[in-house]
Amino acid sequence: MPTDTRELDFTSAMARVPGPVVVTTTVDESGCRWGFTASSFVSLSLAPPLVTVSLDKKASTHSAFTSAGHFMVNVLAHDQSDIARRFATSGVDRFAAGDTVPLERGLPGIPEAAVRLVCRLHDVVDGGDHSMLIGHVLDCVTDVERDALVYVDRAFVRPAP
Ligand SMILES: Cc1cc2nc3c(=O)[nH]c(=O)nc-3n(C[C@H](O)[C@H](O)[C@H](O)COP(=O)(O)O)c2cc1C
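FYI, the numbering for the sequence shown is 852 to 1012, going by my numbering.
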């Protein structure tokens, strides 16, 4: 057990905390699709319904999301870790596999996701080396038959029933 917070390895500590796995997507005015995998997704407010996803300021997707009008949060299901890995991979066409299609409001969606949230970009808040994308939730689609994927100890796992 760390006795001094100065000894704490922050990333190792946070790796022990289970988190959801989402693919956040948007499409820009030229029709170009953007997406990235994130585990920083959290619910922020009930009234109004707000969620946040934090995005690295150095990410290739940063300017697309911070200037987007709308975005979609696809909460991945337990059997979609391959999609999570692809949307975290640099320098590839993350949409080439064709498992993302235009869904609610024309945003790139994953049909078999456990949950999809359609968001209007409400605010972008500075968070150190990340920007917090705050989304106002406009639509929710939930598949109660599909367990959400979890990321913990740097591994993808299916939550125990
Ligand atoms: C499980 C997992 C969770 C991730 N969570 C985040 C996150 O919350 N925020 C973030 O900016 N990047 C996160 N990443 C990294 C991004 O998916 C992506 O690799 C990074 O933005 C670099 O992409 P780029 O090539 O577009 O610059 C995560 C990656 C994985 C595998």
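All residues carry an ideal CB built from backbone N, CA and C; glycine is no exception.
(request) Spatial neighbours of Val926 within its chain, please: CB distance less than 7 Å, with the 5 preceding and 5 following residues excluded, ordered by chain position. (result) Apart from the 5 residues on each side of it in sequence, Val926 sits with its Cβ closer than 7 Å to the Cβ of Pro871, Val873, Ala964, Ala965, Val966, Ala999 in its chain, given in chain order.
(request) Tell whether a beta-carbon distance below 8 Å holds between Phe938 and Pro959. (result) Phe938 is not a Cβ neighbour of Pro959, given a cutoff of 8 Å.
(request) Say whether chain D places a C-beta atom closer than 8 Å to the C-beta of Val976. (result) The structure shown contains no chain D; it holds only a single protein chain.
(message) Less than 8 Å between the beta carbons of Leu972 and Val988, yes or no?
(response) Taking 8 Å as the Cβ cut-off, Leu972 and Val988 do not qualify as a contacting pair.
(message) Bridge partners for Gly920 per DSSP, in chain order?
(response) The bridge partners DSSP lists for Gly920 come to none.
(request) Spatial neighbours of Lys908 within its chain, please: CB distance less than 8 Å, with the 5 preceding and 5 following residues excluded, ordered by chain position. (result) Asp980, His981, Ser982, listed in sequence order.
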